[in-house]
Every structure is written in structure tokens, then in C-alpha cells.
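Visitor: Here the sequence shown stands for residues -39 to -1, 1 to 407, where the numbers follow mature numbering (1 follows the signal peptide of the UniProt record, and there is no 0). Glycine included, C-beta positions come from ideal geometry on N, C-alpha and C. Nothing here was measured: the structure is a model prediction, and the numbers come from that model.
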Amino acid sequence: MKHRGRHRRRRRGRALRASLAGTALALTAAATLISTSQAAGGKTPGGLSSVGSAAELRALRLKEDLTDRTALETLTTGMGGRVGVDEVLRSANHRMREQGDCFVTEKGVLPVTPKAARAYCWEAPDAVDDRWRPQSVTTSRDNKVIASGWTHAGTTAGEEGLARVAFVDASDPSDLKYRWVLLVVPQADGKGLKAVRSQLGGMAWYENKLIVTARNPQNSGYRDDSLFVFDLDRFLRADVTDSDAIGKVEGGFSAHHYRYVLPAVASYSPASGNACDARGNDGVPCLSSVSLDRTSTPPSVVANESFATGSGTAARVWRYDLDTVSDRAGLLGATGRQGEVEADEAYETKATGVRGVLSHDGDWYVSQAAAKQGRHGTVWRQDEDRARAASCTNGTSEHQSYACWGLHGGPLSYSPETGELWTLTAPIPERVLYAVKLSDVERALD
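Listed below in C-alpha cells is the structure:
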């Protein structure tokens, strides 16, 4: 458990700095813990509990399946060769609204404390389209591109579970534009490609790879993968954009009216061969979201499962190391002949209703949905010792509340270039993409 040792050293450093600050600071911290446990906004989940037994860690093990290289190259050639994300962004044909142009209901989902550094709302048709559900967000390292994963939640025949990504040109913070791209899997059956039908609950962008959760809907015809990986240097152009079909058609390739597709280059499924089980935390977990930790060595992907708020079931959070070999950058660190991926470390959090997780500099940040509808959520910073969150009155003066984060808490993603913590919301008419400075989150904790 190399990460765990490193994190303990960082905690000891923080403890030393705290002790040098004097007894008053220690008393303040103790008072904060007491008031948190009695807070109207919900009890503290306390510290993380280590998951360390071999049997428990085996349940988190994944098996790598690389896309057939011949099928991938045949598809690439058939669709006229690969293009990069720059071409996709140059063709962006949708525009996001700045915070001032968002609806009142959209602005109402933003955090109470700390305030959002910036917020955007989707173009009007996407903001109110109940067939599609925004579920995940990540950014390029320089934060000039934002990717948001959406899943088709409608019942229209042929569209169930379709997965698409909005690639947002964020190079000008005052003028964000985006283009939709359909996610596909190359096929060696003459049709060339097949749509990914999956819930995109989380995303992580590392180097030229986009890693997404892949919990498939029932009767989708797919096995229950845990992750898909896409090569961001391999966008492909559809020839036919006026057809509902997905695959080879007269005139070339069609992608259900989308101009661009992004083919999977790898997938990861439970090594045990068992499907994930969302009923408890003692078997193969169903991945709810993922995010990237650049501060670990090596860089890693952290993941979480989720149970209903108030269920009392402790959710697991854990990490997989990323491969550092140049030709495998962005793939998970698989070992052995079977290409299995071990979880490097894992914990349980007593925060229920977990919607997203982030690990940064040895701390874990957990986005928790509110127990009651219409209430704001909470972002807890946890380690093995305790949990802390921003406090706010939320309109009352009688009780301290920790329901200070945005409504409809979603997945988390950190941008090192700007120091921003990104998230998004899904319900209509309250769909917002927003960022909060991680430094502001830290100050609010103190």
C-alpha cells in the first residue's frame, strides 16, 4: 500500500504545523468536530476506514481487454483517418450561456459556501432535453477543454443508453462553445462500429486518454464493463449525418446524426467475471464515478460506489494506478499474463449518497447528496482521522448546517492549471456546469 504510507506522512506534516499554531487552533478544531456531529445539515461521516483484507481487495480487481487492433485500424481507414480534438473544437456548433444568462432555477443550484468561481449553462435545447442526462465532467490538463459525458435516458427505440460527450472549447472563459461526439466500439463484422450504451457516471482525462465509467443498462447486449478508455488522438468523421443508423450504410458510415465518433481502445471489467452488485458493499462494486489524481505516484484514477442517502451502507472509495510506459499512457497499470489491475488502496466512507470522489495531496473529497429533496449537498474532506466540511446557516441562525454545496451533487474533477474543482448537475431546469476554487473549499473548512 505505497499510497497509504505517503498519505500518512502528509498528515503528520499537517499535524505538526497545527501544533505549532498553538492550543487555540486545536480547541477550535475540536469544537468544529463536535458541532459537525450535531449539525442540522447531517452527522459527520467521520474518518475513512481502510479496506485492507485480500478478499475485499480482490472484489475491486479488474481485467483489461484491449480493442482488436485490426478492427480499430480498419475502422479508422474506412472513416477517412483520424483527427484530433482541435478539429472537433473548431467545428463547435453549440454555445454555453454564462452565469448571467442562466435561468433563475439554474443559478439556484450553485453552492452557498464557498461560492462558485464561474458557472455556465447549456444551450437552451440541451438544457431542457429530458431524453439526455448529463452525468460526468473532466478537463484537459491546461483546462482549455472541458469534456462532459451524457447518457440517453429516453425510451426511443434504438437510442436507449446511447453515450455522448460534449467537448467544450474553454480557451476563452467568456465564450464557451461545444460539439457532441458519439462514443463507439470498433467491430470486425463488416459494420465497422457499434454504439457504446452506458451510464457515463464519471470521467478522467490523462495525457491523450479519456477514461469513463461504463455501467451498462439492462438488456443492452453488452457485458457489464466497469471502464472504457478512448484515444483522444483518434476522433473519426461520419460520412452520413442525416441517418438514424449507427455503422456502415450506403455512402459510408453513419453515427446517428453525429459528425464525429470516438472509438474505445480498451475496456475493463470485473476480474472475477461477476456482474457488479449495487445492493451492498461486500461484492463487486458498481462504479458510480471516477476522477484523476495527478498528485499520487504514479498518477492514478480514483473511483467510488454509491448508495442511497440515508441507507446506512458505507460506500467504498479506491484507486487504480495508471501505467507510466509511454505506449500505454492513460491505460490502467495491468500486471501478469491475464492483464489484471489491482486496486492500490481502498477505504470505506460512512457518507451515504456519494455522487463523486476526488483525491488530491493525500486527502479525499467526497460529494454527498442531501438527505432531503431540495436541500443542498455537502463536500467532505476526509482522511483516516476525521471528516470536515464547510459550514453555513442556510437561511437559519439556530443550527449550524453543512448542507452548503450545490444542489444535486455530482462527480468531481480537479484542474491543476486553474486550481478549480469542477462539477455539474443533471435535473431540468437546473442543469449547470460550474467550478469552485479548491483553495476556497480549503478556507471554508478552516
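So what's G367 in DSSP terms, helix, strand or just coil?
Guide: Along the sequence shown, one-based indexing puts residue 367 at 406. DSSP places G367 in coil when its eight states are reduced to three.
Visitor: Taking the alpha carbon of D305 as the point to measure from, which residue in A80, R404, A264 and V70 has its own alpha carbon closest?
Guide: Taking the first residue of the sequence shown as position 1, residue 305 is located at position 344. Taking only the C-alpha atoms, the option nearest D305 is A264.
Visitor: What's the C-alpha gap between W141 and Y219?
Guide: Taking the sequence shown and counting its residues from 1, the one referred to as residue 141 is at position 180. Taking the sequence shown and counting its residues from 1, the one referred to as residue 219 is at position 258. Rounded to the nearest angstrom, the two C-alpha atoms are 7 Å apart.
Visitor: Please tell me whether A78 and D401 are closer than 9 Å, where the distance is taken between their beta carbons.
Guide: For the purposes of this step, residue 78 is taken as residue 117 along the sequence shown, with counting starting at 1. For the purposes of this step, residue 401 is taken as residue 440 along the sequence shown, with counting starting at 1. Contact: yes.
Visitor: What did DSSP end up calling S287 once you bin it into helix, strand or coil?
Guide: Translated into the one-based positions of the sequence shown, residue 287 becomes position 326. Here S287 sits in helix by DSSP.
Visitor: Going by the CB atoms, is the gap between V226 and F196 shorter than 9 Å?
Guide: Stepping through the sequence shown from its first residue, residue 196 is reached at position 235. Stepping through the sequence shown from its first residue, residue 226 is reached at position 265. No, Cβ-Cβ distance for F196 and V226 is not below 9 Å.
Visitor: Round the Cβ separation of S250 and G162 to the nearest angstrom and send it over; I've been treating them as touching at under 8 Å.
Guide: Working through the sequence shown from its first residue, we reach residue 250 at position 289. Working through the sequence shown from its first residue, we reach residue 162 at position 201. With a Cβ gap of about 5 Å, S250 and G162 count as contacting.
Visitor: Can you tell me whether T378 is buried or exposed, with buried defined as 16 or more other CB within 10 angstroms of its CB?
Guide: Residue mapping note: residue 378 aligns to position 417 of the sequence shown, counting from 1. In the sequence as displayed, the identity of residue 378 is Glu instead of Thr. The residue is exposed, with fewer than 16 neighbouring Cβ atoms inside 10 Å.
Visitor: According to the Cβ coordinates, are S320 and S230 closer than 9 Å?
Guide: Translated into the one-based positions of the sequence shown, residue 320 becomes position 359. Translated into the one-based positions of the sequence shown, residue 230 becomes position 269. The answer is no: Cβ separation not under 9 Å.
Visitor: Give the DSSP-derived three-state secondary structure of E391 in the structure shown.
Guide: For the purposes of this step, residue 391 is taken as the residue at position 430 of the sequence shown. Looking at E391 - three-state DSSP - the assignment turns out to be coil, as it is neither helix nor strand.
Visitor: Run through DSSP, which three-state label would R51 get?
Guide: Here residue 51 refers to the residue found at position 90 when the sequence shown is read from its first residue. In this structure, R51 counts as helix in the three-state DSSP scheme.
Visitor: Name the two residues that bound the continuous alpha helix (DSSP H) containing R92.
Guide: Position 131 of the sequence shown, counted from the first residue, corresponds to residue 92. R92 -> no alpha helix (DSSP H), and no H or E assigned at all.
Visitor: Report the residue from W111, K209 and A85 whose alpha carbon sits nearest the alpha carbon of R94.
Guide: Position 133 of the sequence shown holds residue 94. The shortest C-alpha separation from R94 is found at W111.
Visitor: With H, G and I counted as helix, E and B as strand and the rest as coil, what does DSSP make of V402?
Guide: Here residue 402 corresponds to residue number 441 of the sequence shown, with the count starting at 1. DSSP places V402 in helix when its eight states are reduced to three.
Visitor: To the nearest whole angstrom, what separates the beta carbons of C365 and V70, a pair I think is in contact under 8 Å?
Guide: One-based indexing of the sequence shown puts residue 365 at position 404. One-based indexing of the sequence shown puts residue 70 at position 109. Wrong, their Cβ atoms sit about 13 Å apart, outside the cutoff.
Visitor: Spatial neighbours of E301 within its chain, please: CB distance less than 6 Å, with the 5 preceding and 5 following residues excluded, ordered by chain position.
Guide: As a position in the sequence shown, residue 301 is number 340, starting the count at 1. Only R22, K24 and A232 meet the Cβ criterion.
Visitor: Does the pairing of the stretch 368 to 376 with the stretch 330 to 341 give three or more beta-carbon distances under 8 Å?
Guide: Verdict: yes, contact present.
Visitor: Helix, strand or coil for V73, going by three-state DSSP, please let me know.
Guide: As a position in the sequence shown, residue 73 is number 112, starting the count at 1. DSSP places V73 in coil when its eight states are reduced to three.
Visitor: Alpha carbon to alpha carbon, how far is E59 from P75?
Guide: Reading the sequence shown from its first residue, position 98 is the one you call residue 59. Reading the sequence shown from its first residue, position 114 is the one you call residue 75. Each residue's alpha carbon lies about 19 Å from the other.
Visitor: In the DSSP output, which residue or residues are listed as bridge partners for M164?
Guide: Counted from its first residue, the sequence shown places residue 164 at position 203. According to DSSP, which records beta bridges pairwise, M164 is partnered with V173.
Visitor: Just how far apart, CA to CA, sit D26 and D346?
Guide: For the purposes of this step, residue 26 is taken as residue 65 along the sequence shown, with counting starting at 1. For the purposes of this step, residue 346 is taken as residue 385 along the sequence shown, with counting starting at 1. Near 38 Å, if we compare the C-alpha coordinates of D346 and D26.
Visitor: Please list the terminal residues of the continuous beta strand (DSSP E) segment that includes residue 409.
Guide: Residue 409 is absent from the structure shown; the chain starts at -39 and stops at 407.
Visitor: Strictly by DSSP, which residues pair up with C82?
Guide: Counting from one through the sequence shown, the residue named residue 82 turns up at place 121. Bridge partners of C82: R58.
Visitor: Return the chain-ordered list of same chain residues with a C-beta closer than 7 Å to the C-beta of S376, the five sequence neighbours on each side being excluded.
Guide: As a position in the sequence shown, residue 376 is number 415, starting the count at 1. Here the set comprises T100, N104 and W383.
Visitor: The beta strand (DSSP E) with A227 in it runs from where to where?
Guide: Against the sequence shown, residue 227 aligns to sequence position 266. Residues Y221 to P231.
Visitor: What did DSSP end up calling R158 once you bin it into helix, strand or coil?
Guide: Position 197 of the sequence shown, counted from the start, is the residue given in the question as residue 158. The answer is strand: DSSP assigns R158 an E or B state.
Visitor: Look at E17 and D243 and say whether their C-beta atoms are less than 9 Å apart.
Guide: For the purposes of this step, residue 17 is taken as the residue at position 56 of the sequence shown. For the purposes of this step, residue 243 is taken as the residue at position 282 of the sequence shown. Their beta carbons are under 9 Å apart, which means E17 touches D243 by this criterion.
Visitor: Look at the alpha carbon of L137 and the alpha carbon of V393, and state the distance between them as a whole number of angstroms.
Guide: As a working mapping, residue 137 is identified with position 176 in the sequence shown. As a working mapping, residue 393 is identified with position 432 in the sequence shown. Spanning the two alpha carbons is a distance of roughly 13 Å.
Visitor: DSSP state of D254, grouped into three classes?
Guide: Here residue 254 refers to the residue found at position 293 when the sequence shown is read from its first residue. Correct three-state label for D254: strand.
Visitor: Please list, in chain order, all residues of the same chain as A275 whose beta carbon is under 7 Å from its beta carbon, the five residues on each side excluded.
Guide: In the sequence shown, the residue the question calls residue 275 occupies position 314. Cβ neighbours of A275 beyond the five flanking positions: N242, E309, T310 and K311.
Visitor: Give the secondary structure of D282 by DSSP, where H, G and I count as helix, E and B as strand, and everything else as coil.
Guide: In the sequence shown, residue 282 corresponds to position 321, counting from 1. It is a strand residue.
Visitor: Suppose the cutoff is 7 Å on Cβ atoms and the five residues either side in sequence are ignored; what does the same chain contact list for T37 look like?
Guide: Residue mapping note: residue 37 aligns to position 76 of the sequence shown, counting from 1. Result list for T37: R43, R195 and L197, in chain order.
Visitor: Whose C-alpha, out of L292, Q299 and V315, is nearest the C-alpha of E266?
Guide: Here residue 266 is taken as the residue at index 305 of the sequence shown, counted from 1. Considering only alpha carbons, the answer is V315.
Visitor: Out of R92, H337, S257 and V262, which has the shortest C-alpha to C-alpha gap to E121?
Guide: Counting from 1 along the sequence shown, the entry for residue 121 is found at position 160. With distances taken between Cα atoms, E121 lies closest to R92.
Visitor: How is L36 classed by DSSP in three states: helix, strand or coil?
Guide: One-based indexing of the sequence shown puts residue 36 at position 75. L36 falls in the helix class under three-state DSSP.
Visitor: Using DSSP bridges, identify the partner residues of A396.
Guide: Walking along the sequence shown from the start, residue 396 turns up at place 435. DSSP lists R79 and W383 as partners of A396.
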